[in-house]
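Let me begin by presenting the structure, written as structure tokens, before commenting on it.
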Amino acid sequence: MEGRHLMYKRQATKGTLRLARRYKLSAYDASYLELALRLGFPQATIDEELQKAAKKAGVKKVCLRRLYKNDVSSFDVLLGNKSVSKSCRR
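According to my numbering, the stretch in the sequence shown is residues 1 to 90, in order.
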């Protein structure tokens, strides 16, 4: 079991570094992109560079405005009053 875990960890690390180089992301941001790609999950982020990379890589996005539709004050705090109207467009 430990060998399998190590194999997945190596694959994830290689994938993360490959994505970081390809999309000019930090390893931190690329790790989120790698995870979304590997698991087939959509991604929710306000980071513009990560959004662009995810779009190019074919990762679907989650509209943050919809996540916080019932709690506008938390949404504003999360974004620091940054406009994300474009983030909900298809």
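Note that beta-carbon positions come from the ideal geometry of N, C-alpha and C, so glycine has one too.
- If you draw a straight line from the Cα of residue 49 to the Cα of residue 9, it comes to about 25 Å.
- Taking residue 14 as reference, the option from 3, 30, 4 with the minimal CA-CA separation is 30.
- In its chain, beyond the 5 residues on either side, 27, 30 have a beta carbon closer than 6 Å to the beta carbon of residue 20.
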